[in-house]
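Q: Heads up: the sequence shown begins at 399 in the working numbering, then just goes up one per residue.
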Amino acid sequence: MKPADLLLYLLGNRGAIERIASSRRALWAGALLVLSAGVARNYDHLFLLAQPEWIYGPFGMSLFSAGFIWLVLRAEISRDGDGGKLPSFRIFLTLFWLTAPCAWLYGFPVERFMDLVPATKWNFAFLMVVAAWRVALIVRSVTVLTGAGVGRILSFVLFPACIEMGIGSLFKGLSLVGIMGGVRLPPHHEFLKHASGVVLVGSFWLGTASLLGIIFYAASRRGLAKQPLWREPGREDKGIILTATVCLMGWLLIALPVQGPVSRNFQLNRYFANQQWREGIAFASARQQSDFSAIHFLPPDPFRNTYGNAYGNSYFELLEAMDGSEPEWLKEVWTSQALMELELNLSLPSLDGTAAKVFSRYPLITAGLARKVGRLKSQTELDEDEAAWLRDYRKMMEPLKTAPP
């Protein structure tokens with residue numbers, strides 16, 4: 399195997415596929431590329447030194463996915479003298495891991511060049527491209543190595559892949575709707591909910607077609623595998639490990655300048671997750687806005703129920719802890735985000751008179767809530783959620799009307 403085979407494989411080159419199948423070092427090169435994909439996917443979202451999801455997440459999901467597809471595919475390509483199940487799975491896992499560079503596409507920072515909703519759409523498009531590319535590579539590799547028909551292998555690969563995609567889409571939709579119940583979804587979450595539904599439906603029909611293909615090919619001898627997937631180890635080249643290492647180091651270098659702001663977001667998030675409001679305020683007040691990540695909301699995120707409280711509670715406690723000495727940029731950011739959270743909340747579960755007094759200290763919030771009240775009152779009809787929000791708002795503000803000047 400040659401170092402260039404790592405690139406040629408992504409193009410479906412037959413020679414590269416054959417050489418990879420006979421290389422033991424290719425598995426370790428694939429593992430390094432999986433790590434590089436973990437960095438590419440998460441370098442501007444996670445603090446890599448403290449949040450190891452970028453390591454165990456890609457490995458855990460890839461092992462599960464490769465194992466699941468292999469269980470379905472194994473009976474179809476099994477042949478006598480294939481070297482046993484473990485060597486064949488090692489080759490399949492190698493081929494699976496070497497598709498990791500497809501996920502480098504996720505590393506393109508679209509959030510820096512466009513608003514949140516368009517960026518979400520682009521990231522979803524990247525997901526679809528990467529999924530199709532990886533399936534195509536796996537199907538191409540198995541057909542090259544076994545001599546089986548493309549349609550036969552495609553059916554056996556797509557069926558488990560569609561099950562995975564459908565289950566993932568189902569849980570994504572439930573997390574946005576069920577877990578965040580009582581909250582009006584922001585626009586980018588609305589798009590993700592809709593996209594998850596589309597993928598779920600698409601996975602069902604594509605999976606059904608794949609299952610019919612499996613039934614058809616099981617009753618037919620058309621396109622049967624002519625040889626095992628397993629290959630005898632061939633001549634090794636140490637350069638493939640070096641090439642994969644260079645790829646990993648390259649992504650780490652790309653991540654380095656971004657990790658400073660991400661680490662400060664992480665630290666501020668940790669203060670608030672532990673209800674250390676004054677400590678978090680002091681931490682943020684000692685820094686400039688440019689010291690934090692520019693592509694994420696300054697914690698607490700108004701679109702995520704991060705701290706186990708209902709929407710509105712986290713910002714109530716934060717604003718209550720502020721004493722007015724904070725930098726103007728910080729007060730402006732947190733009050734505008736608090737307004738976002740309050741407008742998304744549909745039940746205002748704990749915003750009593752005390753909370754209203756806190757919010758009345760911030761003109762941006764009181765003016766924003768008043769504008770929403772005006773919009774709701776101008777509507778000829780209110781849905782149940784909007785009517786509930788308006789009732790809770792009036793209940794919250796009632797103590798202020800009777801309070802002494």
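Where is the CB? At the ideal position from N, CA and C, for every residue including glycine.
All figures in this text were calculated on a predicted structure; none of them were measured in a lab.
Measuring alpha carbon to alpha carbon, tell me which residue in V555, E588, Q625, A623 is nearest S601.
A: The shortest Cα separation from S601 among V555, E588, Q625, A623 belongs to V555.
Q: Going by the C-beta, is F462 closer than 7 Å to any heavy atom of the ligand FMN?
A: The model depicted lacks the ligand FMN and carries no ligand whatsoever.
Q: Return the residue from the list D442, W603, L774 that minimises the CA-CA distance to E741.
A: E741 has its Cα closest to that of L774, out of D442, W603, L774.
Q: What's the gap between the Cα of L368 and the Cα of I536?
A: With the chain covering only 399 through 803, there is no way to say anything about residue 368.
Q: In this structure, does DSSP put F506 in helix, strand or coil?
A: Note: F506 maps to coil in three-state DSSP.
Q: With a CB to CB cut of under 7 Å and the five nearest residues on each side skipped, what residues in its chain are close to S608?
A: Excluding positions up to five away in sequence, the list reads S553, L556, F557, C560.
Q: Measuring alpha carbon to alpha carbon, tell me which residue in N672, Q665, A692 is nearest A682.
A: Looking at the Cα atoms, Q665 is the closest of the given residues.
Q: Would you tell me roughly how many angstroms separate the C-alpha atoms of V432 and L496, rounded to the nearest one?
A: Near 8 Å, if we compare the C-alpha coordinates of L496 and V432.
Q: For the alpha helix (DSSP H) containing I453, name the first residue and the last one.
A: Element bounds for I453: 451-475.
Q: Given that a residue counts as buried once 16 or more other Cβ atoms are within 10 Å of its Cβ, and exposed if not, what is D442?
A: Result: buried.
Q: With distance defined between alpha-carbon atoms, name the residue in F487, M526, E509, V515 nearest to A501.
A: Ranking F487, M526, E509, V515 by Cα distance to A501 puts M526 first.
Q: May I have the straight-line CA-CA distance separating L404 from E451, to the nearest angstrom?
A: Each residue's Cα considered, the two are about 25 Å apart.
Q: Mind checking which residues open and close the alpha helix (DSSP H) that includes S691?
A: Run containing S691: none; DSSP gives neither H nor E here.
Q: Let me know the secondary structure DSSP gives Q665 once reduced to three states.
A: DSSP places Q665 in helix when its eight states are reduced to three.
Q: What number of angstroms, rounded off, separates the C-alpha of L646 from the C-alpha of E715?
A: In a straight line, the C-alpha of L646 is about 42 Å away from that of E715.
Q: In whole angstroms, what separates the C-alpha of G455 from that of G428?
A: For G455 and G428, the distance between alpha carbons rounds to 15 Å.
Q: Look at the Cβ atom of G545, then the Cβ atom of K624, and state whether they are nearer than 8 Å.
A: Yes, these two residues count as a Cβ contact at 8 Å.
Q: Return helix, strand or coil for A495, following the three-state DSSP convention.
A: Note that residue 495 is Trp in the sequence shown, not Ala. Correct three-state label for W495: helix.
Q: Just the Cα atoms here: how many angstroms apart are A617 and L610?
A: Looking at the two C-alpha atoms, the distance is approximately 11 Å.
Q: Flag this pair as touching only if the stretch 763-779 and the stretch 725-740 have three or more C-beta atom pairs under 8 Å; answer yes or no.
A: Yes: the two stretches touch, three or more of their Cβ pairs being nearer than 8 Å.
Q: Skipping 5 residues on each side, what residues in its chain have a beta carbon closer than 6 Å to that of S691?
A: Within the same chain, S691 has close Cβ partners P659, V660, N663.
Q: In three-state DSSP terms, what is K400?
A: The answer is coil: DSSP assigns K400 none of H, G, I, E or B.
Q: Would you say M563 and V540 are within 8 Å of each other, going by their C-beta atoms?
A: Against a cut-off of 8 Å, the Cβ pair of V540 and M563 comes out as no contact.
Q: Could you work out which residue in G505, F466, R423 is closest to R439 when comparing CA atoms only?
A: If we check each option's Cα against that of R439, G505 comes out closest.
Q: What ranges does the alpha helix (DSSP H) occupy inside the stretch 764-790, keeping only unbroken runs of at least 4 residues that lie completely in it?
A: Those alpha helix (DSSP H) runs which fall completely within the stretch 764-790 and span 4+ residues do not exist here.
Q: Measuring alpha carbon to alpha carbon, tell me which residue in A754, G458, Q777 is nearest D790.
A: D790 has its Cα closest to that of A754, out of A754, G458, Q777.
Q: Alpha carbon to alpha carbon, what distance is there between L788 and L717?
A: Going by the C-alpha atoms only, they are around 22 Å apart.
Q: Taking C-alpha atoms, which residue in P485, A414, T733 lies nearest to D699?
A: When only C-alpha atoms are compared, the closest one is T733.
Q: So what's M563 in DSSP terms, helix, strand or just coil?
A: M563 falls in the helix class under three-state DSSP.
Q: Of the residues F524, D513, T518, P485, which one's Cα is nearest the Cα of L503?
A: Nearest option by C-alpha distance: F524.
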